[in-house]
Amino acid sequence: MNTQQRTTRSGWAKFCLLLICVAVSQRDVGLAADIYRNSDGSQFAAKDFYPKFSWDTAPMYYMFGDGQRVLRANEVEFIAARTDFICIEKSHGRQELGAAELGAKHEAAAFKKVKPEMKVLFYFNSAYAWPFTSYNQAFTRREIDKHPELKRFLIVDPKTGELAHRNNVFFFDVLNPELRQWWANTVAKGVAESGCDGAFIDQMHGFAWLREDQKDDVQKAMGEMMALLKQKMGPGKILLGNNANQEIAKHVFPVIDASMFEHYSEKLLSKEALLQDWDDMLRIAQAGKMSIFRIGVESDRSRNQNQGPQGSRRDYSELAKERAEYYLACFLIGAQPYSYFQYGWGWTLSSGSLHDFPELHKPLGSPQGAYQRTTPDGWEFTREFEHASVWVNTESGQAKITWK
């Protein structure tokens with residue numbers, strides 16, 4: 080057994096202890112007053128640091144960024160009128176303010192001034208060393224050699240002996256215990272200094288495919304790092320993991336408060352994948368965790384159909400309006416208490432967050448039971464809500480919501 084393997088196994092023991100500490104701190108935070116039931120009849124009791132939840136209209140989550148500027152007052156008001164739960168994306172406000180954590184700080188204050196109960200998350204990546212905050216601005220070709228104490232946190236390509244990268248963005252080495260400590264401290268610092276209510280953590284994989292012989296160690300190390308972050312943020316802070324419901328994140332899942340279904344490719348919007356999503360949404364709710372059902376229509380199967388003039392791609396805003404009923408229906412079929420819908424295309428401020436979709440603020444009301452599959456092997460599903468009847472065919476990509 081090499082030194083790195085011994086360190087990883089030692090870290091796994093520490094991770095188990097961290098899980099106990101996190102569980103105790105979660106218990107001490109207590110439960111929120113509102114009690115909801117999952118679609119299987121079991122009770123969902125939210126922690127009191129969760130955002131406000133309601134079935135009055137489709138529960139919404141917004142996540143956006145503009146690397147050039149911060150939001151204008153009317154933009155803050157537009158988004159605040161539609162949600163109580165947001166995340167400020169990775170490079171927001173960097174050009175105007177100098178660092179992404181300052182963009183997050185600006186928006187957290189702006190939203191809480193308009194809506195004090197707003198929950199705002201700070202973005203950080205657990206795999207890619209994006210150089211957008213002041214904390215990680217040295218992770219660039221120009222700067223990294225000046226910081227050997229940071230360079231050792233990065234994965235080296237065994238074929239070239241050079242730092243592994245994707246488009247010159249370096250990779251964090253989660254197997255390095257010093258990286259895990261630095262990373263957790265850094266993210267917790269970002270949350271505290273920005274005045275945010277927790278963190279959205281992107282990329283749960285730890286680049287396991289680059290080290291197939293250490294895949295299990297990578298997955299355990301990811302779990303340990305997330306538990307460490309949860310502990311360092313302190314009680315009452317939200318930890319949202321992107322795609323943390325997947326098998327590759329099995330050691331992360333016990334630690335998080337919420338998981339996002341990112342749907343970053345057409346394959347993840349197939350009829351089979353959506354059916355699995357609905358099962359996972361229930362599983363997540365049974366564990367007392369939130370879920371974000373994110374749809375970006377750039378992954379819609381029809382994105383290259385009915386092309387515009389001279390073969391150009393259809394305008395995404397037009398496609399989003401056209402497909403809003405279908406994807407809202409897909410969300411509602413599987414929605415549980417503290418499930419949230421995110422809709423648009425891409426991740427920038429101009430990719431849907433400032434567009435109005437009327438379906439998203441029609442009166443909905445609480446679900447009247449679980450979804451029904453019309454035939455055992457078919458792909459038509461229905462579900463009743465207090466003020467809406469939902470029908471969807473995930474094979475044909477059609478849906479109808481009848482508002483009562």
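Sequence positions in the sequence shown follow the numbering used here and run 80 to 483. The beta-carbon is built from N, C-alpha and C at its ideal position, and this holds for glycine as well.
Three-way DSSP call (helix, strand, coil) for residue i in this model
i, result
"Asp-127", "coil"
"Ile-223", "helix"
"Pro-446", "strand"
"Gly-423", "strand"
"Val-235", "strand"
"Ala-467", "strand"
"Thr-74", "Only positions 80 to 483 of the chain appear in this structure, which leaves residue 74 out of reach."
"Met-139", "strand"
"Arg-380", "coil"
"Leu-318", "strand"
"Ser-396", "helix"
"Glu-459", "strand"
"Tyr-115", "strand"
"Ala-414", "coil"
"Gln-451", "strand"
"Ala-217", "coil"
"Gln-77", "This structure cannot speak to residue 77, because the chain is shown only from 80 to 483."
"Ala-323", "coil"
"Lys-299", "helix"
"Lys-329", "coil"
"Lys-479", "strand"
Neighbour-count burial assignment, residue i, 16 or more Cβ in a 10 Å radius
i, result
"Val-149", "buried"
"Asn-153", "exposed"
"Leu-110", "Confidence at Leu-110 is low in this model, with a pLDDT of 46, below 50, so its placement is unreliable and the value that follows should be read with caution. Exposed, since its Cβ has fewer than 16 Cβ neighbours within 10 Å."
"Gly-423", "buried"
"Glu-186", "buried"
"Lys-316", "buried"
"Ala-366", "exposed"
"Gln-477", "exposed"
"Val-496", "Residue 496 falls outside the range modelled here, since the chain spans only 80 to 483, and no answer is possible."
"Gln-415", "buried"
"Ile-335", "buried"
"Trp-262", "buried"
"Pro-227", "exposed"
"Ala-188", "exposed"
"Thr-162", "buried"
"Leu-379", "Rather than Leu, the amino acid found at residue 379 in this sequence is Asp. That one is buried."
"Thr-219", "exposed"
"Glu-180", "buried"
"Ala-145", "For the record, residue 145 in the displayed sequence is Asp; it is not Ala. By the 10 Å Cβ count, Asp-145 comes out buried."
"Lys-225", "exposed"
"Lys-126", "buried"
"Trp-426", "buried"
Expected contact under 8 Å - CB spacing of residue i and residue j to nearest Å
i, j, result
"Thr-136", "Pro-437", "In fact, because the Cβ distance is near 11 Å, the residues do not count as touching under 8 Å."
"Ile-280", "Leu-319", "7 Å"
"Phe-332", "Asn-324", "7 Å"
"Ser-118", "Ala-449", "4 Å"
"Thr-454", "Ser-468", "Wrong, their Cβ atoms sit about 18 Å apart, outside the cutoff."
"Lys-131", "Glu-196", "6 Å"
"Phe-190", "Val-155", "6 Å"
"Ile-167", "Val-199", "7 Å"
"Ala-337", "Ser-381", "In fact, because the Cβ distance is near 30 Å, the residues do not count as touching under 8 Å."
"Lys-184", "Gly-274", "6 Å"
"Arg-462", "Leu-411", "6 Å"
Interface flag, residue i vs chain D, CB-CB below 8 Å
i, result
"Phe-436", "Within the model displayed, chain D is absent; a lone protein chain is all it includes."
### Query
Can at least three beta-carbon pairs, one atom from the region 450-465 and one from the region 164-183, be found at a separation below 8 Å?
no
#### Entry: In chain order, each alpha helix (DSSP H) run of at least 4 residues that lies wholly inside the region 336-372
350-365
### Query
Quick one: complete beta strand (DSSP E) runs, 3+ long, within the region 152-211?
164-167, 198-204
### Task
Output the residue ranges of the alpha helix (DSSP H) runs that lie fully inside the region 241-287 and measure 4 residues or longer, sorted by chain position.
256-273
### Query
Would you say the region 309-318 touches the region 349-359, given that touching needs at least three Cβ pairs under 8 Å?
no
### Message
Across the region 277-293 and the region 201-214, are there enough close Cβ pairs to call them in contact, namely three or more that are closer than 8 Å?
### Response
yes
### Query
Any contact of the region 214-233 with the region 252-268, i.e. 3+ C-beta pairs under 8 Å?
yes
### Task
Decide yes or no for the touch test of the region 127-145 against the region 411-420: beta carbon pairs closer than 8 Å, at least 3 of them.
yes
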